[in-house]
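The next block holds one structure in the form of structure tokens; read it before the comments.
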Amino acid sequence: MDTRVYIAILALTATTLALMPKLYWVIGYPTVAAVAGSSLAFGSVSALVAARRLYFLAHVIPHVALLAAPISAVILGSGGLDWVLALLIVTVIAWVSGYAHYRGVGSDVVASIVVSFAASATVIAIYYAQRVVGAGRVSQLILGDPLLVGVSEGLVALLVGLLVATLSLSIAREIFYIGVSRDMALVSGLRVWVYDFTLYTLMALSIAVMLRITGFLVATVLTLLPGALAVMIARGSIQVVVASVTVATVASTIGLLASIYLDVPPSGVTGLILVTLYALARVARFV
Amino acid sequence: MHMSHSTPTVRLEDVHVSFNGVRALESVSLELKGPGVIQVIGPNGAGKSTLLRVIAGLVRPVRGSVYVNGVDVTGRSDIAGTLVSYMPQSNEPPGESPLTVWEYVETSALARRSGWPRFRVGSVRGVVERCLTMVGLPRSSWHLRLSELSGGMFQRALIAGVLVAGAPIILLDEPLASVDPEGRVSLSRVLGQLAVDKLIIVTSHDPHPLLEYTKLVVALNRRVIAVGDPHEVLSRLSPSVLYPHWVSEHGH
Numbered sequence: 001m002d003t004r005v006y007i008a009i010l011a012l013t014a015t016t017l018a019l020m021p022k023l024y025w026v027i028g029y030p031t032v033a034a035v036a037g038s039s040l041a042f043g044s045v046s047a048l049v050a051a052r053r054l055y056f057l058a059h060v061i062p063h064v065a066l067l068a069a070p071i072s073a074v075i076l077g078s079g080g081l082d083w084v085l086a087l088l089i090v091t092v093i094a095w096v097s098g099y100a101h102y103r104g105v106g107s108d109v110v111a112s113i114v115v116s117f118a119a120s121a122t123v124i125a126i127y128y129a130q131r132v133v134g135a136g137r138v139s140q141l142i143l144g145d146p147l148l149v150g151v152s153e154g155l156v157a158l159l160v161g162l163l164v165a166t167l168s169l170s171i172a173r174e175i176f177y178i179g180v181s182r183d184m185a186l187v188s189g190l191r192v193w194v195y196d197f198t199l200y201t202l203m204a205l206s207i208a209v210m211l212r213i214t215g216f217l218v219a220t221v222l223t224l225l226p227g228a229l230a231v232m233i234a235r236g237s238i239q240v241v242v243a244s245v246t247v248a249t250v251a252s253t254i255g256l257l258a259s260i261y262l263d264v265p266p267s268g269v270t271g272l273i274l275v276t277l278y279a280l281a282r283v284a285r286f287v
Numbered sequence: 288m289h290m291s292h293s294t295p296t297v298r299l300e301d302v303h304v305s306f307n308g309v310r311a312l313e314s315v316s317l318e319l320k321g322p323g324v325i326q327v328i329g330p331n332g333a334g335k336s337t338l339l340r341v342i343a344g345l346v347r348p349v350r351g352s353v354y355v356n357g358v359d360v361t362g363r364s365d366i367a368g369t370l371v372s373y374m375p376q377s378n379e380p381p382g383e384s385p386l387t388v389w390e391y392v393e394t395s396a397l398a399r400r401s402g403w404p405r406f407r408v409g410s411v412r413g414v415v416e417r418c419l420t421m422v423g424l425p426r427s428s429w430h431l432r433l434s435e436l437s438g439g440m441f442q443r444a445l446i447a448g449v450l451v452a453g454a455p456i457i458l459l460d461e462p463l464a465s466v467d468p469e470g471r472v473s474l475s476r477v478l479g480q481l482a483v484d485k486l487i488i489v490t491s492h493d494p495h496p497l498l499e500y501t502k503l504v505v506a507l508n509r510r511v512i513a514v515g516d517p518h519e520v521l522s523r524l525s526p527s528v529l530y531p532h533w534v535s536e537h538g539h
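Chains as they are written, first to last, in the numbering used here: chain A, 1 to 287; chain B, 288 to 539.
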């Protein structure tokens, strides 16, 4: 199918969903802001992850974020600036993981070590965090729930989403270029390490801030699939980022609506819709 | 900006390269002067690609130094990149790359300019068009995704990305490997024309398509086996020395 057909279908769906202000009033604008922010952030970062084929980091960073959130909650309590400390922890570990890969350590090795460490330490961190912030808040980190987001959290998510999307669009062309041949990019004079570390930072920022909205489990899906789908259907770096954000927005909005009408967890529906869209796009290539 | 230098020159002094304890290059000393085409030939595993990567500053030798136009570029791709363009061995496009041919070549041109590439897009339109035409990519393919190209067309797009930089020294790793016979002739002609004022160093398993434009052949098998006039080197070295696997499979 032609690229324009895919984009037209996605744009039509997104517009239809956007023209439901009465429903959003019922849902609450903090939730709408949170879903918009997470879609912008995950959609744009996912496109860059697909371009650089850094899929292993899409597994590593959510694990690290799930470790950082309860540690921060234990130290600073919940609902304040604990997300800033969590962001710092996630960013540092994302940089270390990315640097190891940049220096030639295999992605499987990096993922095995960091994920194993983070998963084990998370069990201990959650054990103590439950005493401080309660089991409900900890459960939100794992399952995610945009309907529980407060005004300040929604606003932060929207601002972070806009920032991540703007930066992603700014570096998309160079990131895709590096994805073709890192060696050629190095000799061409591009500062590859600057672009790579910017991408690691954007991933850390998106996942650490959006963890409570999407949950740890679906954060991985949102980092992997919108971009993987967009690189199949779009043409050119900017179009890929736009398509990826649109895919993430459509899936997240349908997930939100499903949670209201069908009483199912929104993140789960969002993830399943993304898997379905990805599978359909794969099948359509052979038709 | 490229440093002005009347004769493009690459000099390697006693270069040794090892990967995980396995020697890839041993005591390689060479002085390659342009303009002209220089072919590096040798069997698989001879270190041809490594030699180009050393010159491009992508591999730091365990011993020895590399100078390009008199500038020490040993292990410094950022410095080497101001003087050389490099195309790695690549037989097929990266899977799912949505970058278009035009966007790829345009970014190759912009990457070398100071400032943020995207603010200077319009300034390279002419040179991008010229390079795409030069390598024989039809206009209808300019806005295809790289992943939609055949192996030969992808190779041409990569070569256009190298040419657009305008560097005085061009390093091409197996540039004709995936190109059809007709394309080899036309691309060889393009490289021959460029070699009028540039030094073009090409690795190759089959030196013949480029032979009429080649001024020097370097035969390599981790060490330098021979350097000299193409016909002289090729007639002096038996195929079993250069291509032992091929000869054992197909006979002389």
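Just so you know, even glycine gets a beta-carbon here, dropped at the ideal spot from N, CA and C.
Any C-beta of chain B sitting closer than 8 Å to the C-beta of residue i?
i	result
S237(A)	yes
V231(A)	yes
Y195(A)	no
L190(A)	yes
A8(A)	no
A234(A)	yes
T173(A)	The amino acid at residue 173(A) is misidentified as Thr; the sequence shows Arg. With 8 Å as the cut-off, R173(A) counts as an interface residue toward chain B.
G161(A)	no
With 8 Å as the threshold, decide whether the Cβ of residue i is near any Cβ in chain A.
i	result
T387(B)	yes
T337(B)	no
E383(B)	yes
A311(B)	no
S522(B)	no
S395(B)	yes
E390(B)	yes
A343(B)	yes
R412(B)	no
R347(B)	no
A398(B)	yes
Output the boundary residues of the alpha helix (DSSP H) element that contains residue i.
i	result
A518(B)	In the sequence as presented, Ala is not what sits at residue 518(B); that position holds His. That run of the alpha helix (DSSP H) goes P517 to R523.
A204(A)	V192 to I233
R182(A)	R182 to S188
V451(B)	Segment: none, V451(B) is in no alpha helix (DSSP H) and carries neither H nor E.
Go to residue i, then tell me how far its beta strand (DSSP E) extends in each direction, as first and last residue.
i	result
V263(A)	At residue 263(A) the sequence reads Asp, which differs from the Val that was named. It is not in any beta strand (DSSP E) - D263(A) carries neither H nor E in the DSSP assignment.
R347(B)	Neither: R347(B) is in no beta strand (DSSP E) and is coded neither H nor E.
S311(B)	According to the sequence shown, residue 311(B) is Ala rather than Ser. Note, A311(B): beta strand (DSSP E), V309 to K320.
G357(B)	Unbroken run through G357(B): none, as it is neither H nor E.
G323(B)	G323 to I328
Among all the DSSP beta bridges, which residues are the ones paired with residue i?
i	result
I512(B)	I512(B) pairs with nothing; no bridge assigned.
L459(B)	M374(B) and V489(B)
H303(B)	R350(B)
T296(B)	K320(B)
R432(B)	T387(B)
A118(A)	In DSSP, A118(A) forms no bridge with anything.
A333(B)	Note: A333(B) sits in no beta bridge, so no partner.
What residue ranges within the stretch 360–422 of chain B form continuous alpha helix (DSSP H) runs of no fewer than 4 residues, ordered along the chain?
Whole alpha helix (DSSP H) segments, 4+ residues: 364–367, 388–398 and 412–421.
Task: Complete runs of the alpha helix (DSSP H) confined to the stretch 35–106 of chain A [at least 4 residues] - done: Scanning the stretch 35–106 of chain A for uninterrupted alpha helix (DSSP H) segments of 4 residues or longer gives 55–76 and 82–102, listed from N- to C-terminal end.
Inside the stretch 461–504 of chain B only - beta strand (DSSP E) runs reaching at least 3 residues = You should have 486–491.
**Prompt:** Closer than 8 Å, Cβ to any Cβ of chain B: which residues of the stretch 175–188 of chain A, in chain order?
**Reply:** Cβ contacts with chain B come from F176, Y177, G179, V180, S181, D183, M184, A185, L186, V187 and S188.
message = Taking beta-carbon pairs under 7 Å, can you tell me which members of the stretch 237–254 of chain A lie near chain B?
response = When CB distances to chain B are screened at a threshold of 7 Å, the residues of the stretch 237–254 of chain A falling below it are S237 and V240, in chain order.
For the stretch 363–378 of chain B, which residues have a CB atom closer than 8 Å to at least one CB atom of chain A, in sequence order?
Near chain A, meaning a CB-to-CB distance below 8 Å, the residues of the stretch 363–378 of chain B are S364, D365, A367, G368, T369, V371, S372, Y373, M374, P375 and S377.
**Prompt:** Quick one: complete beta strand (DSSP E) runs, 3+ long, within the stretch 122–157 of chain A?
**Reply:** Complete beta strand (DSSP E) runs here, min 3: none at all.
Quick one: which residues of the stretch 439–453 of chain B get their C-beta closer than 9 Å to a C-beta of chain C? List them in chain order. This model lacks chain C altogether; the protein chains it does include are A and B.
_Threshold first: 4 residues or longer. Then list the alpha helix (DSSP H) segments lying entirely within the stretch 155–179 of chain A, N to C._
Here no run is fully enclosed.
**Q.** Contact residues within the stretch 414–441 of chain B, judged by C-beta distance below 7 Å to chain A
**A.** Residues R432 and L433.
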